[in-house]
Amino acid sequence: MAFSVPAGLEAELEALVARYPQKRSASLMFLHALQEHFGFVSNEAVEWTAARLGLQPINVLELVTFYPMFRQEKLGRTQVKVCRTLSCALAGASELRAQFCTRLGLDAGRHGPQTTPDGKFTVEFVECLADCGNAPVVMVNDDLIGKCSGADCDRVIAKGQ
0 MAFSVPAGLE
10 AELEALVARY
20 PQKRSASLMF
30 LHALQEHFGF
40 VSNEAVEWTA
50 ARLGLQPINV
60 LELVTFYPMF
70 RQEKLGRTQV
80 KVCRTLSCAL
90 AGASELRAQF
100 CTRLGLDAGR
110 HGPQTTPDGK
120 FTVEFVECLA
130 DCGNAPVVMV
140 NDDLIGKCSG
150 ADCDRVIAKG
160 Q
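Here the sequence shown stands for residues 0 to 160, where the numbers follow numbering that gives the first Met the number 0.
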């Protein structure tokens, strides 16, 4: 099946191109819009963007892999973001992430975001969640959990099922 962008979104993106002196300058805006619509930036979206902007796919892929806000895989319905910066690291963030991964059947040793096969959960390390006094801190979707423990881990998983 060929990659398809809804006509309305394609028109919005084409209007963006007109705002820049060079087509390639709209690259980040294209990627943000595609991720917002599809939930992630697929290889097909990279190729589509490159074709529309007169770039090589590698030039677009470099952006997707460089900037941490872009996803190359669809996220789970419940997103578990474990802070890994200093305060949280010292308070056990690595062990907490490992607990989430183990209890969800994910590989605790694998780097990067991981999504359960059923698409219910994504677990990942993130940078500072700005609640250092309550380390370790986890953000579940838009809810912050400070002083997160194994019991909190169980509650998050039960609620997300």
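Glycine included, each C-beta is placed from N, C-alpha and C at the ideal position.
Go through its chain and collect everything with a Cβ distance to I144's Cβ below 8 Å, but skip five positions before and after it.
Translated into positions along the sequence shown, residue 144 becomes position 145. Counting only Cβ-Cβ distances below 8 Å, and skipping sequence neighbours, we find V136, V137, M138, D151 and V155.
What first and last residue would you give for the beta strand (DSSP E) that runs through E72?
For the purposes of this step, residue 72 is taken as the residue at position 73 of the sequence shown. Per DSSP, E72 belongs to no beta strand (DSSP E) and is neither H nor E.
Pull up the DSSP beta-bridge partners for V155, would you.
As a first step, residue 155 is located in the sequence shown; it is residue number 156 there, counting from the start. None, per the DSSP bridge assignment.
Top-ranked residue by Cα proximity to A14, from F2, A32 and A1:
For the purposes of this step, residue 14 is identified with residue 15 of the sequence shown, where counting begins at 1. Comparing Cα-Cα distances from A14 to each of F2, A32 and A1, the minimum goes to A32.
For F120, the first and last residue of its enclosing alpha helix (DSSP H):
Translated into the one-based positions of the sequence shown, residue 120 becomes position 121. It is not in any alpha helix (DSSP H) - F120 instead sits in the beta strand (DSSP E) that spans F120 to V125.
Identify whether T161 lies in helix, strand or coil by the three-state DSSP scheme.
Any property of residue 161 remains undetermined from this structure, which presents the chain solely from 0 to 160.
When the Cα of E35 is compared with those of F69, T77 and W47, which residue comes out closest?
Locating residue 35 in the sequence shown gives position 36, counting from the first residue. Measuring from the Cα of E35, the nearest candidate turns out to be F69.
Here's the rule I'm using: 16 or more other beta-carbon atoms within 10 Å means buried, otherwise exposed. How should G53 be labelled?
Locating residue 53 in the sequence shown gives position 54, where the first residue counts as 1. G53 should be labelled exposed.
Between A50 and G91, what straight-line distance do the alpha-carbon atoms span, to the nearest angstrom?
To locate residue 50, count along the sequence shown from 1; it is residue 51. To locate residue 91, count along the sequence shown from 1; it is residue 92. The straight-line gap from Cα to Cα measures roughly 45 Å.
Report the CB separation of L8 from L62 in whole angstroms; it is logged as a contact under 8 Å.
Stepping through the sequence shown from its first residue, residue 8 is reached at position 9. Stepping through the sequence shown from its first residue, residue 62 is reached at position 63. Contact doesn't hold; Cβ gap of about 19 Å is too wide.
Whole-angstrom distance between A1 and E123, CA atom to CA atom
Start at 1 with the first residue of the sequence shown, and residue 123 comes out as number 124. Start at 1 with the first residue of the sequence shown, and residue 1 comes out as number 2. So the two alpha carbons sit approximately 30 Å from each other.
So T101 packs on G75, CB below 8 Å; how close in whole Å?
Numbered from its first residue, the sequence shown carries residue 101 at position 102. Numbered from its first residue, the sequence shown carries residue 75 at position 76. Actually they do not touch by this definition, with Cβ atoms about 16 Å apart.
Near N140, what residues of its chain come up, given a Cβ to Cβ distance below 7 Å and the 5 sequence neighbours on each side ignored?
Position 141 of the sequence shown holds residue 140. Cβ neighbours of N140 beyond the five flanking positions: T77 and Q78.
Close Cβ partners of E43 (< 6 Å) along its chain, the five nearest in sequence each way excluded
Translated into positions along the sequence shown, residue 43 becomes position 44. Around E43: F2.
If we count the other Cβ atoms within 10 Å of its Cβ and call it buried at 16 or more, is Q113 buried or exposed?
Residue numbering aside, residue 113 sits at position 114 when the sequence shown is read from its first letter. With 16 or more Cβ atoms within 10 Å of its Cβ, Q113 is classed as buried.
Reduced DSSP secondary structure (H/G/I, E/B, other) of K22:
In the sequence shown, the residue the question calls residue 22 occupies position 23. If DSSP states are grouped into helix, strand and coil, K22 belongs with the helices.
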